[in-house]
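In my numbering, the protein residues as written are 1 to 472.
We put the beta carbon where it would ideally sit given N, CA and C, even for glycine.
As the structure is a prediction and not an experimental result, all values here were calculated from the model.
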Ligand code: BYC
Ligand code: FE
Ligand code: FE
């Protein structure tokens, strides 16, 4: 099952050639996908040779193959993790029954909605990152951007496969809609807010891959627990690709932070900006912006949707099978800080209704680990500055805290107080203008822009100086 059929027009490990109708439907979608890629994928570079990895098998033993590929020739296809014929549902109300190989009629609409929401983020991110190639700080970073982009394109394929295979006419219509919405478009925006925000500089790109792709990791992991087995197996394989996206974000931020600290040390006034770097307070404001938008991606703290998804065995917790011993989540509760008369008080909510928050907790923990590592790098360079994650209540537009105002520490404040501090807490027009002035392309092998440190190692054992993108 691990082996991928690269002979057919659509590479796959799902025996697509055995289902002619499905194959024909996907082959009709394929040219529409490719025209979307030409229109909304990376601006330029489409005829260049890029050192990319391609999946060669979906099993555990080294699935990646590295070679020069032109992006439009990338073999986008359908790869699911290997099936377990004995797999049983392991949480929620259907626990103990065999996993579903088809969609139960009563869950058709919810499942379609989850798959469409997931699928929508993938092309959205490619659209958001469309201009970044023109200002890449190095060939290494340029290559990583394009690797992320082609894989997000493949993640769209993964969701479209599910829509075409299991949701009939409606699924095919949704697959077309996924190519019709546009990030940031007023009339036909992408579904989730974070995916309509512009991402036109590399500090934002690294924040995005650090925080938005990490939401992807947690959502995919929750769906990898699903009773709907094809969804679970698709998400499992997507997670193997996701790891690199998170690496790009985490190390990208670490390299900017390290360089910022170095430049501040070099400057007589400790001013990284004066040395052509991005100062740490600016980085903090970008983090505050992207982190708070990405917290919204987990949905409302208290959510009947979330309770239904868990109860219906559609979406589990992070590591549901491995990390938990109790899998019904009944008769338990979670405590929230709720704003009452201007004060935060504790309130208990049945655990199932709190599942969005349970997932958000794990996400915040992991983000916090990265910030601690970055702070070690800053301290090592002898600088007295600590980055931090803002509170989960800060600058939210979804859920329990959306209607009130909080400072980055999570204390309730007035709207006037928030507005008076907005420019110290969140990236400003002038921050963005400044960052944009630094965004000059550096497309020579071995060279790197001044505002970011080189990576500690290259891709696939290659040195940093390697020609990751051929301009000839
Ligand atoms: N923006 O109970 P609620 C990735 C809506 S990222 C706008 O709060 P629920 C990737 C919600 O739709 C992973 N609207 O929410 C990363 C609902 O609308 P209706 C993407 C929002 O349903 C980087 C209403 O508010 N995957 O893969 O429990 C690059 C109240 O519903 C937002 C998924 O999201 C928002 N932020 O949870 C590439 C997984 N938040 O019904 C890729 C699938 C909520 O009132 N999605 N709303 O019209 C889900 O599981 C859930 O839909 C959500 C929301 C977790 C998103
Ligand atoms: Fe993705
Ligand atoms: Fe990703």
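- Here the distance from the Cβ of residue 216 to the nearest heavy atom of ligand 2 is below 7 Å.
- Annotated three-state conformation of residue 103 is coil, per DSSP.
- Put simply, the backbone Cα of residue 93 is about 29 Å away from that of residue 14.
- The nearest non-hydrogen atom of ligand 1 is less than 7 Å from the C-beta of residue 193.
- Cβ-Cβ separation between residue 301 and residue 400: approximately 4 Å, consistent with a contact (criterion under 8 Å).
- The DSSP assignment places complete alpha helix (DSSP H) segments of no fewer than 4 residues inside the segment 246-332 at 280-296, 304-311 and 320-323, in order along the chain.
- By the Cβ test, the segment 196-203 is not in contact with the segment 344-353, since fewer than three Cβ pairs between them sit closer than 8 Å.
- Here residue 319 is exposed. Its C-beta has fewer than 16 other C-beta atoms within 10 Å.
- Just measuring C-alpha positions, the residue of 196, 118 and 205 sitting nearest residue 131 is 205.
- Residue 438 and residue 43 have their C-alpha atoms some 19 Å from each other.
- Distance from the CA of residue 184 to the CA of residue 271, rounded to the nearest whole angstrom, comes to 34 Å.
- Judged by DSSP in its simplified three-state form, residue 230 adopts helix.
- According to the DSSP secondary-structure assignment, residue 348 is paired through a beta bridge with 335.
- The three-state reading of DSSP puts residue 406 in strand, counting E and B together.
- In the structure shown, residue 443 falls within a coil segment according to DSSP collapsed to helix, strand and coil.
- Beta bridge pairing from DSSP links residue 200 with no other residue.
- Not one heavy atom of ligand 1 sits closer than 7 Å to the Cβ of residue 185.
- In this structure residue 228 is in contact with residue 111, their Cβ atoms being roughly 6 Å apart against a cut-off of 8 Å.
- Within the DSSP bridge table, the entry for residue 421 names no partner.
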